[in-house]
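Protein chains in written order, with the numbering used here: chain A, 16 to 118; chain B, -5 to 393. Backbone N, C-alpha and C fix where the C-beta goes; we use that ideal spot for every residue, glycine too. In this text, all values refer to a predicted model and were calculated from it rather than measured experimentally. Accompanying notes for the structure given below.
Below, the structure written as structure tokens:
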């Protein structure tokens, strides 16, 4: 079955794009896009960077750690921004959470 | 426009939902390749819906592109920058090679949508499609219970089958869109249709009011809703959108007869959309062949698809604003709606370059509005079913 819907993104979430949302670099237009049912979204640079880290393994806290180190920015501020962004994406149905695999 | 992550995305109305990722630009500039292309891989269909959107002249099976020809088309589309394809028809599952085509589309990096009536699908075939990389399934529904739904489709036990396939779709972890085509005879079921979409665990619901050209125009008297029905429909959709936020996305297509402004059909002719017909013609919209006097180029010609999009006469004929006559020509909305729908203008006025009569500025608007109102109040409920036999009139007792 599908990953859970209506997820609530927190520091401990391990977000991942669902199978039907594909992050892809569009060579023709030179932009990153998220392909979804009847939708094409154009995430900005920061969003792309966050989404590339959403592999279903790392949790949101670890993603914030990475970005804080990379940009030498306050972790708390980054964490808050990342959660807002991911929650927004989740509410539109383009983000899910990794769960334990059931055979 | 700003949506996820401060991103320019999807306008709410369905006709624009795959707008080219373009900034505001002058119509004189070149037109980018569309993000999504509709592939009508066959006109064959077991259903006989009275509002069928396929052209009145259907392509016969013998004229359809072969598997290899479609594969070549898919590769070419991916190469020139198309990101998504919709496998549609007719009924796309009527083609035996659908799994092979979806597989090829996935292999060349295209995002694949299936737009289906679902009645020919088995669970095994749907599972094969998922394995081939299918990304999304859209199933059309004609109503909420089998009596009316099967009558509209002219196909027995279709509704039951659709419910079953919708369930399999979610079991296979594929996102589901429920497409509900609405008209006078089923608008009263709209609240239940919305609930049905929720119960089926759909991600998206398209509430699409019938558009009246092609075959649907023949059935206008049996399908045209009243103004009161439409107002109620809009209220129901707005309430449901609010209530189901984050749970179900609802795209809403209103019929334009009762509007004051016409729809920006296809986002403007040749601006952000094309489709390919079963026989391989590259068309500015799926109804474009209803406009007589236009020659459409085929993928079987020696021109590339990109060349046809950019240079062919049919695409350039109504592109931008240069072709317009009054009242469009000097209208302040000319780049907002591009004069509405060319197919509707042709169907109702005999000249595709006229203002779409859906526009209040069209000299014909008043007459057509009045006629639609009369038809909506009328007693004509019998359908003229759509089929390769040239149409069948519904019997008096509704069979």
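If you reduce the DSSP assignment to three classes, tell me which class residue i lands in.
i                      : result
residue 277 of chain B : strand
residue 368 of chain B : helix
residue 112 of chain A : strand
residue 151 of chain B : coil
residue 106 of chain B : strand
residue 387 of chain B : strand
residue 354 of chain B : coil
residue 18 of chain B  : At residue 18 of chain B the pLDDT is 39, less than 50, meaning the model places this residue with poor confidence; the figure from the coordinates comes in the next sentence. Coil.
residue 132 of chain B : strand
residue 38 of chain B  : coil
residue 23 of chain B  : Its pLDDT being 41, under 50, residue 23 of chain B is placed unreliably in this model, and the value from its coordinates should be taken loosely. Three-state DSSP puts residue 23 of chain B in coil, outside helix and strand.
residue 292 of chain B : strand
residue 212 of chain B : helix
residue 113 of chain B : coil
residue 106 of chain A : helix
residue 86 of chain B  : helix
residue 97 of chain B  : helix
residue 137 of chain B : coil
residue 51 of chain B  : coil
residue 57 of chain B  : helix
residue 360 of chain B : helix
residue 46 of chain B  : coil
residue 239 of chain B : coil
residue -4 of chain B  : Because residue -4 of chain B sits at a pLDDT of 28, beneath the cut-off of 50, its placement in the model cannot be relied upon, and the following sentence gives the value as read from the coordinates. In the structure shown, residue -4 of chain B sits in a strand (DSSP, three-state: E or B).
residue 373 of chain B : coil
residue 421 of chain B : Within the shown structure, residues of chain B are numbered from -5 to 393, placing residue 421 of chain B beyond reach of any answer.
residue 126 of chain B : coil
residue 346 of chain B : coil
residue 282 of chain B : helix
residue 196 of chain B : coil
Less than 8 Å between the CB atoms is what I'm expecting for residue i and residue j, so what's the real figure, rounded?
i                      : j                      : result
residue 335 of chain B : residue 257 of chain B : 6 Å
residue 66 of chain A  : residue 94 of chain A  : That belief does not hold up - the Cβ atoms of residue 66 of chain A and residue 94 of chain A are roughly 16 Å apart, past 8 Å.
residue 135 of chain A : residue 113 of chain A : The structure shown does not extend to residue 135 of chain A, since chain A spans only 16 to 118, so no value can be given for it.
residue 347 of chain B : residue 319 of chain B : 6 Å
residue 397 of chain B : residue 311 of chain B : Summary: the structure shown does not reach residue 397 of chain B, with chain B confined to residues -5 through 393, and so no result is reported for it.
residue 166 of chain B : residue 108 of chain B : No, residue 166 of chain B and residue 108 of chain B are not in contact; Cβ-Cβ is about 12 Å, not under 8 Å.
residue 148 of chain B : residue 50 of chain B  : In fact, because the Cβ distance is near 17 Å, the residues do not count as touching under 8 Å.
residue 102 of chain B : residue 68 of chain B  : 6 Å
residue 146 of chain B : residue 279 of chain B : Between residue 279 of chain B and residue 146 of chain B the Cβ distance is about 24 Å, and since that is not below 8 Å, they are no contact.
residue 171 of chain B : residue 197 of chain B : 7 Å
residue 216 of chain B : residue 368 of chain B : Not confirmed; about 13 Å, so no contact.
Of all the options the options, which has the alpha carbon lying nearest to the alpha carbon of residue i?
i                      : options                       : result
residue 372 of chain B : B/231, B/288 and B/178        : B/178
residue 305 of chain B : B/281, B/167 and B/276        : B/276
residue 36 of chain A  : B/105, B/209 and B/265        : B/105
residue 116 of chain B : B/103, B/157, B/84 and B/141  : B/157
residue 37 of chain B  : B/328, B/77, B/281 and B/354  : B/281
residue 101 of chain A : A/90, A/78, A/50 and A/40     : A/78
residue 248 of chain B : B/211, B/294, B/314 and B/176 : B/176
residue 40 of chain A  : A/24, A/60, A/34 and A/82     : A/60
residue 226 of chain B : B/331, B/180 and B/241        : B/180
residue 188 of chain B : B/110, B/292 and B/138        : B/138
residue 232 of chain B : B/245, B/293 and B/222        : B/245
residue 62 of chain B  : B/159, B/274, B/291 and B/368 : B/274
residue 27 of chain B  : B/84, B/76, B/197 and B/89    : B/76
residue 58 of chain B  : B/98, B/174, B/293 and B/368  : B/293
residue 45 of chain A  : A/51, A/28, A/106 and A/58    : A/58
residue 136 of chain B : B/111, B/375, B/127 and B/122 : B/111
residue 122 of chain B : B/191, B/39, B/113 and B/163  : B/163
residue 87 of chain B  : B/35, B/370, B/126 and B/66   : B/35
residue 314 of chain B : B/300, B/333, B/297 and B/296 : B/333
residue 213 of chain B : B/370, B/317 and B/78         : B/370
residue 65 of chain B  : B/79, B/54, B/55 and B/200    : B/79
residue 271 of chain B : B/259, B/261 and B/284        : B/284
residue 242 of chain B : A/48, A/52 and A/75           : A/52
residue 39 of chain B  : B/54, B/193, B/29 and B/308   : B/54
residue 390 of chain B : B/384, B/383 and B/374        : B/374
Among all the DSSP beta bridges, which residues are the ones paired with residue i?
i                      : result
residue 78 of chain B  : B/30 and B/105
residue 231 of chain B : Beta-bridge pairing links residue 231 of chain B to no other residue.
residue 246 of chain B : B/201
residue 267 of chain B : In DSSP, residue 267 of chain B forms no bridge with anything.
residue 379 of chain B : B/386
Along the chain, which unbroken stretches of the alpha helix (DSSP H) at least 4 residues long are found entirely within the region 20 to 103 of chain A? DSSP runs (the alpha helix (DSSP H)) wholly in the region 20 to 103 of chain A: 60 to 68 and 75 to 86.
At 4 residues or longer, what runs of the alpha helix (DSSP H) sit wholly inside the region 296 to 344 of chain B? If we require 4 residues or more, the alpha helix (DSSP H) runs fully inside the region 296 to 344 of chain B come out as 299 to 305, 307 to 311, 328 to 331 and 336 to 343.
Which runs of the alpha helix (DSSP H), 4 residues or longer, sit entirely within the region 141 to 190 of chain B? As far as the region 141 to 190 of chain B is concerned, its whole alpha helix (DSSP H) runs of at least 4 residues are 152 to 165.
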